[in-house]
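Worksheet for the structure shown next.
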Amino acid sequence: MNARRHNLANVLATGVVAAVLVLTGLFWARSLWGTLRHNWRFHAVPEVRVGWSSPFLWERGNDPNLGAPYVLTARPLPDAPLRAGLGLVQYVLSRMPMGPESYVYRWSLHPDEDCLYYDRTLGQIVYNGTKKVTNLDGKPAIAHFSYYAGPEGVALLPDEKLGRFIDPIVDRFPLRPLIVYDRGLTRFFAIDWTGQAVRKGPELPQDGRHRPVQIGMLEKNQQSLQVMFVQSDKDRSGRHIPASNFMVGPFPMTHRTPVLDASGRIDLLDMDTLELVRSEMHLRAPASLYSRGGIATPKEVAAYSVSPISSRPPGGGGTWTYAGCSVAALSRDGTSVRLDVFDPNGRVVASNETTVPQHVRTGGGGLTLAKLALESLHPPIFLFLSYFPASQFEATAGYRSLLLLPDSFLAMKARDKEGRPIEEFFASMVFMIPALILVLLLAWRVDRDGGRIGLSKNERTAWVAGTVVFGLPAYITYRLTRPKVTPVTCANCGMGRRPDLEKCHHCGSPWVVPELVPPAWRVIGEPEPAEDGSPSEAQPASSPVQ
Amino acid sequence: MNDSPIVVENLVKYYEGRCVLDGISLAVPRGCIYGLLGRNGSGKTTMIRILLGLEPPTRGRTVVLGQDSMRLSAQTHGRVGYVAEGHYLIQSYKVRRLVGLCKGLSLRWNEEFFGHLMEAFRLPMDRKVKDLSAGMRAQLNLALAMAIDPELLILDDPTLGLDTVARRQFLELAIDVIQRQGRTILFSSHILADVERIADRIGVLVAGKLVVDCTLEELKSRIKKLRVIFPERAPEDLYLTEIVNQQKQGREMVLTVANWNPQKQAILETFRPESCTELPMSLEDIFIECTRPASAVVPQEMVG
Amino acid sequence: MLTLIRREIQDNLVYALAPCAVSAMCIGAMIYASFVGVEVAMPAIICSTLLLLASFVGFSILGAAQMYGDRARRISPLLSTLAVTRHRILAARVLVGILAVLLATVPVLATAVILLRMFAPPLEFYRRMVVEIFLTAVLMGTACYSIGLLVGWTTNRAWLILGNFLLLTLCVSLMGVKGFGPEVMLLLLVFIAAVWGRTWHKFTSASL
């Protein structure tokens, strides 16, 4: 390996090491900033509340004496951003049984508990259950059984005749017939294990507007968002209400269950007919310090929780009916919550959002500057590249991203989508100005130092370009890999010159070492011939041989 | 094809901005015992370390057994025996373990010869290296270097710490090695009597330059020390070139001159000295004269 | 080469065995939890995680000890004058380090697989998760060892300890950032290759 390739390999290796370590350090600095800001706001900003002092208007009329006060509250939990987004948390939550991406829908470490999962090899959903039986000798025992369900039916053994599910998602609530939507077959199924039957719903139209992503328990990153329903046992006049007539949660009170679409629309599934009923309900992201809010897709919010509301006549007894939905959503940065309540027709009847106190807004300015400063330390190329896929980033991706910055000001501006694309582009690039100022300063230092230690013009150009593109990691790489030489004063021009170069890189003069004063004489003899008699090369003569 | 096991081309070495070697060029012929001399800090050890690839040169290159020193292959390393100044040995190892390590990493190992050396030096195998005396460590180092049957032996002050008997043993060993066809030795030492005994060729480093690089006989014949007595006061300037050293006292002048020749003789005679006597010089005398700080040196531009 | 490897093992046996002892404790915790029952599953997982982190520190110390010990005891100056090259010295060193990492992690994997077969339902996710976690742990252990190699080539003890600690923390935190799985494995592979490249350059161009 020659010296030039050798050095290039060293530079590349050092660059990668510096980049990984610097980017990791910056990541944690940003995470710490985000957590501090979140927790600061968490203590300063009250929870979001939506209350009813009467039953829904559409049910009982506007009689304030009927019904009881109901309050729905939602708030982000401490350290919500990290809980929501960190790679390790996401990995564990998604891979572990019953996680959002897991094919294991029900599972327990205890061998006597039920287990429900999708077997990709068979293409069927498997239910391993237990039941109490009595032995022949009269003693109680636990019997294990297995059911296999495909689109065409249920059996005790795996059978090709049952068909194959291609890409199922299920309602993970345990107590209903299992509702399954298969994204490959584009229809709903209801699996009744007890009756060993499978009901099929109609095929959904392939118009791109029907893309269910979750059924029943609609929630994401529930460890980051707390939603509570509080119901008083007295009405407004103080009369005791013996039985609750309101229930919020994915309980099987009615035959309707919510289905979340990829667009953020929340439809209703009739569990008897397995037909999807379109509605006007939608996920909505709250406004926060750094985003406008509005209609959102599941990817665009850090966490959400959708709970159907069921009601029955007061006094207990009676049939539960579907009474609407509550939808709580957490903003990307984990600081703001929006809570909406929809009636059975999908209209918003109550809504509230995080209100930020003035002192928090003011303090937010300092935090904003700190955020901008941290982003400016990031390599400009990655900051720039964050613009293009900004809309594609999942809401919590910023909490596990090393290279691109999904939560940077630049990416936020790119997601705004107001105005013409070219205007948006330049408006976003304004946020790169501090980063560019920093890297130009670093590049100037690199150029100056390179000139001082005698790097060639091409090398200096390459380093300056690299520093402008890659920023701080490139500068650190330069400092670690630059030739470590102590310049020697040139006897000709008086500047520092590199001893490993034949000529002074300032004035081009050859070497003179004035501090060494060797004698003027030399005694240099001819080399002796080799033992085999062949002549050897002549010595370099420094004085004539006598 | 250059048959010299060691070739140095315009070698320059700087340490922290201080020049140690300033353009050294030499070639050590095969089968030669080359004595490298110089005062403390003149760069002998530096040059040896550069030859072995332990230190990178600042400029220039060195070639050992046909390979660039910075790219010596394992095979080439295996053909070179090295005794370092200070004796690089792993202090925490026992002698037996160290011997086993060197044996395992050598291309050739002369067990019989090594055993003979260990017996001659009476070195204990079960003692840790750090518990050996300085002299015993030197002997061990020497034995390990010799046992690999090296084609080229590089010794950096090998007799440092050896007693008189051990030194004599070493010299005899060196002669024994050199008597084998094609073996070459480069060694540096401060004990010039030893160098004079065995070296064929001498190199002397002064102020970063190689001022002497010739055979011992040639050196003795080309550097002359003369005691000159003038009728009146010794002249201020003799107009002689290549004066190594010069001392005057009244009518007497002691003059050491390099490359003495008839022309210089003729110039001296123009000053009509009363007498001119050559003083015999040993290698040590020559070395002292060569490395003494110059008190009266002819400017370089006058060198022919 | 075998002589060099043997020398490395003999000189650094204590540092190589320490992570193995830690992994033995980890295996003990896993077996205990499996036989006692689900009640101790969480404490066992926490214990195993802490032991895993301790073994990463151990790997880093191994790498640092190899290089720092070499410099302090002037081993490479001696070896370089024998029939070896610096490349081989470093290659032997790295091979021993990787061997230590594998010796410490493979038994843990084998134990996990055996226990899962014995006690857990036959679900595919176990296998995939175990493989992903194991491979990530091996690569992380190798990365920590490589950081020890890189930082160890110094005579400054303060930098040795503080620098090692700082770089190790940043490196191990990558698992928190990215979790387990193909993405972090690729990142670690690239990182390890880069650290080895830098270490190789430092070692082969240094004055001995």
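Sequences listed follow chains A, B and C, in order. What the first sequence shows, in my numbering, is residues 1 to 546, in sequence order. What the second sequence shows, in my numbering, is residues 547 to 850, in sequence order. What the third sequence shows, in my numbering, is residues 851 to 1058, in sequence order. C-beta: ideal position from N, C-alpha, C; glycine also.
Residues of the region 651 to 683 of chain B that bring their beta carbon within less than 8 Å of a beta carbon in chain C comprise L651, S652, L653, in sequence order. With a cut-off of 8 Å on Cβ pairs, the region 997 to 1014 of chain C is in contact with the region 909 to 923 of chain C, counting three or more such pairs. Within chain A, the residues whose beta carbon sits less than 7 Å from that of M1025 (chain C) are L88, listed in sequence order. From the beta-carbon of M880 (chain C), no residue of chain A is found nearer than 9 Å; the closest lies around 14 Å away. Collapsing the DSSP output to three states places I579 (chain B) in a strand.
Interface residue (Cβ-Cβ distance to chain A less than 8 Å): R642 (chain B) is not classified as such. If you look at Y478 (chain A), you'll find it in the alpha helix (DSSP H) that goes 472 to 481.
Against chain C, the CB of L21 (chain A) has a partner CB under 8 Å away; the residue lies at that interface. Where I636 (chain B) is concerned, there is no enclosing beta strand (DSSP E), because DSSP gives it neither an H nor an E.
Within chain B, no C-beta atom comes nearer than 9 Å to that of I433 (chain A); the closest sits roughly 42 Å away. Taking 8 Å as the cut-off, the beta carbon of L829 (chain B) is found no closer than this to the beta carbon of C822 (chain B). Distances from the alpha-carbon of W33 (chain A) to those of A:D407, A:V92, A:V50, A:A328 put A:D407 closest. Within the DSSP secondary-structure output, H144 (chain A) pairs in a beta bridge with A:T130.
In the DSSP assignment, G334 (chain A) falls outside any beta strand (DSSP E), carrying neither H nor E.
As computed with DSSP, T823 (chain B) is found in a beta bridge with B:R773.
Rounded to the nearest whole angstrom, the CA to CA distance from A155 (chain A) to L1038 (chain C) is 46 Å. Secondary structure note for D702 (chain B): it is in no alpha helix (DSSP H), and the uninterrupted beta strand (DSSP E) holding it is 698 to 702. The contact set of A9 (chain A) on chain C, defined by CB atoms closer than 8 Å, consists of G1047, H1051 in chain order. With a threshold of 8 Å between beta carbons, E697 (chain B) makes no contact with chain A.
Excluding sequence positions up to five before and after V574 (chain B), its CB lies within less than 7 Å of the CB of S550, P551, I552, Y580, T730, L732, all in the same chain and listed in chain order. If you look at V92 (chain A), you'll find it in the alpha helix (DSSP H) that goes 87 to 95.
The residue from A:L405, A:L436, A:K371 with its alpha-carbon nearest to that of T35 (chain A) is A:K371. Assigned with DSSP and collapsed to three states, L653 (chain B) falls in coil, not helix or strand. Here the alpha carbon of Q621 (chain B) sits roughly 25 Å from the alpha carbon of Q685 (chain B).
If you look at T1005 (chain C), you'll find it isn't in any beta strand (DSSP E); DSSP assigns it neither H nor E.
Around the beta carbon of S336 (chain A), 16 or more other beta carbons sit within 10 angstroms, so the residue counts as buried. Less than 8 Å separates the beta-carbon of L374 (chain A) from that of A29 (chain A). Under the Cβ criterion (8 Å, minimum of three pairs), the region 950 to 957 of chain C does not count as touching the region 1014 to 1022 of chain C.
In the structure shown, the three-state DSSP call for N458 (chain A) is helix. Taking 8 Å as the upper bound for CB-CB distance, F173 (chain A) and M217 (chain A) are in contact here, some 5 Å apart.
Shown here, R617 (chain B) sits in a helix according to DSSP, grouped into three states. Two segments are said to touch when three or more pairs of C-beta atoms, one from each, lie closer than 8 Å; by this definition the region 857 to 870 of chain C does not touch the region 779 to 788 of chain B.
Contact holds between the region 444 to 463 of chain A and the region 493 to 511 of chain A, because three or more Cβ pairs, one in each stretch, are under 8 Å apart. The criterion of a C-beta distance shorter than 8 Å is not satisfied by G346 (chain A) and S263 (chain A).
Within the model, the alpha-carbon separation for I748 (chain B) versus S588 (chain B) is close to 15 Å.
Taking a cut-off of 8 Å for Cβ pairs, the region 707 to 715 of chain B and the region 742 to 757 of chain B do not touch, as fewer than three such pairs fall below it.
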